[in-house]
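By the numbering used here, the letter at position 80 of the sequence shown is numbered 413, and the numbering carries on one by one without gaps. For each residue, glycine too, the CB sits at the ideal point set by N, CA and C. Predicted, not measured: the structure shown is a model, and the values here were computed from it.
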Amino acid sequence: MPPEITEDTIPTMLRIEYPYMPPKELRGNSSTRWQQKSGVKNQFQDATIFRLREQNPEPMEKVNVKYIAYWCGQKIDPDNLIIGMKYALDCLTIEGIIKDDNSDFIQSITAEYHRVPSRNEIKLVMEVTEN
334 MPPEITEDTI
344 PTMLRIEYPY
354 MPPKELRGNS
364 STRWQQKSGV
374 KNQFQDATIF
384 RLREQNPEPM
394 EKVNVKYIAY
404 WCGQKIDPDN
414 LIIGMKYALD
424 CLTIEGIIKD
434 DNSDFIQSIT
444 AEYHRVPSRN
454 EIKLVMEVTE
464 N
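In structure tokens:
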């Protein structure tokens, strides 16, 4: 018999969808200077915080983070994608969802790619699941 599903056994999950990849200025292979990055970083964080507040999340103890990229054209290397999402991840701490963004609270970060046929279908999904 399967285990009983209760509110306590359902993992908490946040799902944020962006209609674009992380801005190129924020990715790991960018040579953009900090002053130029600052405005882009602030806009990206504002967009992330807005999306988080729409979901009104409760604080989480330990989380797994998964980035799902729907992409056409040349792929962004997984490490550059993860680096580009650093400022979105920081928003989890800024908003008090997790206490810190170190390995005591973030247990894993993964990136997954799915090819889509057109640029109109490009998007990035950030899923945050509590352990």
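Would you grab the beta carbon distance between residue i and residue j for me? Rounded to a whole angstrom, and I think it's under 8 Å.
i, j, result
"Phe-383", "Ala-421", "The Cβ separation is near 12 Å, so there is no contact."
"Ile-431", "Met-393", "6 Å"
"Tyr-400", "Ile-416", "Not quite, the Cβ-Cβ distance comes to about 11 Å (not below 8 Å), so this is no contact."
"Val-398", "Phe-438", "With 8 Å as the limit, Val-398 and Phe-438 do not qualify as a contact, their Cβ atoms being about 10 Å apart."
With a threshold of 8 Å on Cβ separation, who are the neighbours of residue i within its own chain once the five nearest residues in sequence on each side are excluded?
i, result
"Met-346", "Glu-460, Val-461, Thr-462 and Glu-463"
"Lys-419", "Leu-359"
"Met-354", "Ala-402, Trp-404, Ile-409, Leu-414, Gly-417, Ile-455 and Leu-457"
Per DSSP, residue i forms a beta bridge with which residues?
i, result
"Ala-421", "Ala-421 pairs with nothing; no bridge assigned."
"Leu-457", "Tyr-351 and Ala-402"
"Ile-439", "Val-396"
Tell me which residues share the same chain as residue i and place their Cβ nearer than 6 Å to its Cβ, disregarding the 5 neighbours each side in the sequence.
i, result
"Pro-411", "Ala-444"
"Ile-349", "Arg-384 and Met-459"
"Glu-358", "Thr-365, Lys-370 and Val-373"
Within 10 angstroms of the Cβ of residue i, are there 16 or more other Cβ atoms? Answer buried if so, exposed if not.
i, result
"Asn-453", "exposed"
"Gly-429", "exposed"
"Asn-435", "exposed"
"Asn-413", "buried"
Going along the chain, which residues of its own chain have a beta-carbon closer than 7 Å to the beta-carbon of residue i, five neighbours each way excluded?
i, result
"Pro-352", "Lys-456"
"Asp-449", "The sequence shown places Val at residue 449, not Asp. Answer for Val-449: Tyr-403, Trp-404, Cys-405 and Ile-455, listed in chain order."
Inter-stretch contact at 8 Å, needing at least 3 Cβ pairs: the segment 399-408 / the segment 357-376: no
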